[in-house]
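Engineer:
Residue numbers (our numbering): 1472 to 2028.
1. How about residue 1995 and residue 1891: are their beta carbons less than 8 Å apart?
2. Would DSSP call residue 1634 helix, strand or coil?
3. DSSP on residue 1580, reduced to helix/strand/coil?
4. Please name the residue, chosen from 1997, 2024, 1661, that lies closest to residue 1976 on a Cα-to-Cα basis.
5. Does the beta-carbon of residue 2028 have 16 or more other beta-carbons within 10 angstroms, so that it is buried, or is it exposed?
6. Tell me, which residues are paired with residue 1923 by DSSP?
7. Quick one: what does DSSP say residue 1981 is sitting in, helix, strand or coil?
8. Within the chosen definition, does the stretch 1773–1788 reach the stretch 1535–1554 through at least 3 CB pairs nearer than 8 Å?
9. Between residue 1773 and the rest of its own chain, which residues show a CB-CB distance below 6 Å, the 5 nearest in sequence each way excluded?
10. Can you grab the Cα-Cα spacing for the pair residue 2008 / residue 1954, in whole Å?
11. Below 8 Å on the Cβ atoms is my contact criterion, and I expect residue 1600 with residue 1555 to pass it. Report the Cβ-Cβ distance as a whole number of Å.
12. Per DSSP, what kind of secondary structure is residue 1606 in: helix, strand or coil?
13. Are at least three pairs of beta-carbons, each pair with one atom in the stretch 1926–1945 and one in the stretch 1859–1869, less than 8 Å apart?
14. Alpha carbon to alpha carbon, how far is residue 1704 from residue 1493? Give it in angstroms, no decimals.
15. Can you tell me whether residue 1708 is buried or exposed? The criterion is at least 16 other CB atoms within 10 Å of its CB, across all chains shown.
16. Give the DSSP-derived three-state secondary structure of residue 1994 in the structure shown.
17. Give every residue of the same chain whose Cβ lies closer than 6 Å to the Cβ of residue 2031, excluding the five residues on either side of it in the sequence, and list them in chain order.
18. Is residue 1661 buried or exposed, if buried means 16 or more other CB atoms sit within 10 Å of its CB?
19. Taking DSSP's pairing of strands, which residues face residue 1454 in a bridge?
20. Just verifying my parser: in three-state terms, what is the DSSP assignment at residue 1786?
21. At what residues does the beta strand (DSSP E) containing residue 1534 begin and finish?
22. Nearest to residue 1506 by alpha carbon, out of 1805, 1720, 1950, 1652?
23. Going by DSSP in three states, residue 1736 sits in which element: helix, strand or coil?
24. Which two residues bound the contiguous beta strand (DSSP E) that contains residue 1864?
25. Decide if the stretch 1516–1534 is in contact with the stretch 1563–1575; the criterion is three or more beta carbon pairs, one per stretch, under 8 Å apart.
26. Check whether the Cβ atoms of residue 1651 and residue 1559 sit closer than 8 Å, and answer yes or no.
27. Tell me whether residue 1827 sits in a helix, a strand or coil according to DSSP, three-state version.
28. Alpha carbon to alpha carbon, what distance is there between residue 1917 and residue 1981?
29. Output yes or no for whether 8 Å exceeds the beta carbon distance between residue 1695 and residue 1633.
30. Beta-carbon within less than 7 Å of residue 1577's beta-carbon, same chain only, minus the 5 sequence neighbours each way: which residues are those?
31. Straight-line CA distance for residue 1477 to residue 1730?
32. Using alpha carbons as the reference points, say which of 1809, 1843, 1549 lies closest to residue 1820.
33. How long is the line joining the alpha carbons of residue 1758 and residue 1503, rounded to whole angstroms?
34. With a threshold of 16 other CB atoms inside 10 Å of the CB of residue 1525, please say whether the residue is buried or exposed.
35. Between the C-alpha atoms of residue 1809 and residue 1861, what's the straight-line distance to the nearest angstrom?
36. Do you know offhand how far residue 1805's Cα is from residue 1658's?
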């Protein structure tokens, strides 16, 4: 199948060698794969390229006839981009099914298209050649444009000038395919006029440089559909030869040879059914750079914590007591390779979560607003969810999401108690003696933090009292209703809290008491006693018998 025909060089003979030293250029290179869309029938061809064993392509029906000439393959998503009917269509390269589409003003004027994948960053760029038919008349101005992959907006645009675009050129002012070397970002365009060839173009300036043209007498090569494959070769199609002699051709940029890379197709050679115009492939897209593409994967992560702990499962649950304060925190990070937008965070129990922004660049992190609550009894799990889409996606976007649970286990508090005793301190020494008895019916009041009344009780017949089932916290105890004319004995008289009095004499209350969980503090006592009085004065000798103590009258011993 090898043909000895060569290209005729138009300008520098050593051009191709300089540009393609990095190409393998041998038959053992990675096999190329190309796709072509028939310009007259709704057919997508998939070509497994092999010069040693040319194969008939796979025919994949699609939902529309391609009236344009542009076609580009995106390796990271296995999708083909095509332009017709005022829209950009994205279709699955394996099944031909529509994936999405969006309106673009230039869709009917696309002539060539290609994806460039940066070998270092793996960032994908979509480039087009456009024939501007909106102004002027033929020959129309052509542009090289980079457009947004997701919505088709124009990123950069330069007019194509020089070379066969020169109005004085004998090559005409026409373009066909567009291809790029994925290693050097050198773009190439084809001249689709009478003298067919392909030429370098500077993507920054649009200036067309040297290249080579095909023999004007050759009916083998068309170069209207034109692309670069992952095996290091250009590929083009032939639709100028006999109607049943249509092939995909491999072009060797190093030595100028070309070979048939497929069997015949079109006009009954695929599927056995002749169709008018079948096999008129106007656009060709190959897997350029596919072997070096790591798909730019979008991904997002949410980390939810309970009281600062991750607590993803029951085994790592935060241990709480019923009534404890609970704080849930949310941290979101873009862990993928593309920007994200439309970010929404929701907690399945707490509802919508406020976050400072709705977009995240690659590796960017944001901290969302915390939620607060009170622990309830049992194992409590709530799940944080984050959703987003790939930045720039306009239609048929895939959700990028993540979830993260967090757990706590709250047990009822261990309860404690406070108490103990009101007694008659007969000897007024502030110490409970064995011969001293309790005082009944004294009102004892329990206060939270010494300012909020909790409950009141009466001492029993033994003078005892007890507040039970108390949670850990701060309390104080007050006493009222002691017998008339009794007073409170001095507190803390012997350093033994079990038998001393603990009440302030001016307020009839204890100091602030801190009760730990499960603590039973039975040491809070109060002694009372009746006050003691004295009678007496002076016996004197009333010398003048007037009943009045005069200064000169002395006492009687």
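For each residue, glycine too, the CB sits at the ideal point set by N, CA and C.
What you are looking at is a predicted structure, and each value in this text was computed from that prediction instead of being measured.
Structural biologist: On the basis of the data shown:
1. Closer than 8 Å, so yes.
2. In the displayed model, residue 1634 falls within a helix according to three-state DSSP.
3. In this structure, residue 1580 counts as helix in the three-state DSSP scheme.
4. For residue 1976, the nearest C-alpha among the options comes from 1997.
5. Per the 10 Å Cβ criterion, exposed.
6. According to DSSP, residue 1923 bridges with 1919.
7. Of the three classes helix, strand and coil, the one that applies to residue 1981 here is coil, per DSSP.
8. The stretch 1773–1788 vs the stretch 1535–1554: no contact.
9. Once the five neighbours on either side are set aside, the close Cβ partners of residue 1773 are 1803, 1855, 1857, 1873, 1875.
10. About 31 Å.
11. With 8 Å as the limit, residue 1600 and residue 1555 do not qualify as a contact, their Cβ atoms being about 16 Å apart.
12. Coil at residue 1606, not helix or strand.
13. Taking 8 Å as the limit for Cβ pairs, the verdict is that the stretch 1859–1869 does not touch the stretch 1926–1945.
14. Reliability of the predicted coordinates at residue 1493 is poor, the pLDDT of 31 falling under 50, and no value is obtained from them.
15. Under this definition residue 1708 is a buried residue.
16. It is a strand residue.
17. Past the boundaries of the shown model lies residue 2031; the chain is included only from 1472 to 2028, so the question cannot be answered.
18. By the beta-carbon neighbour count (other beta carbons within 10 angstroms, threshold 16), residue 1661 is buried.
19. Nothing about residue 1454 can be read from this structure; the chain reaches only from 1472 to 2028.
20. Here residue 1786 sits in helix by DSSP.
21. Looking at the DSSP string, residue 1534 is not in any beta strand (DSSP E), and its letter there is neither H nor E.
22. Selected option, being the one with the closest Cα: 1720.
23. It is a strand residue.
24. Where residue 1864 is concerned, there is no enclosing beta strand (DSSP E), given that its DSSP letter is neither H nor E.
25. With a cut-off of 8 Å, the stretch 1563–1575 and the stretch 1516–1534 count as touching, because enough Cβ pairs lie within range.
26. Not a contact, by the Cβ cut-off of 8 Å.
27. Assignment of residue 1827 by DSSP, reduced to helix, strand and coil, places it in the coil class.
28. If I take the Cα positions, the gap works out to 10 Å.
29. Result no, Cβ atoms of residue 1695 and residue 1633 do not sit closer than 8 Å.
30. Excluding residues up to 5 positions away in sequence, 1601 lie with their Cβ nearer than 7 Å to the Cβ of residue 1577 in the same chain.
31. Model confidence at residue 1477 stands at a pLDDT of 29, short of 50, so the residue's coordinates are unreliable; what they give is reported in the following sentence. Distance from the CA of residue 1477 to the CA of residue 1730, rounded to the nearest whole angstrom, comes to 10 Å.
32. Checking every option, the nearest Cα to that of residue 1820 belongs to 1843.
33. Going by the C-alpha atoms only, they are around 7 Å apart.
34. Label assigned to residue 1525: buried.
35. Residue 1809 and residue 1861: Cα-Cα distance of roughly 7 Å.
36. Distance between the alpha carbons of residue 1805 and residue 1658: 33 Å.
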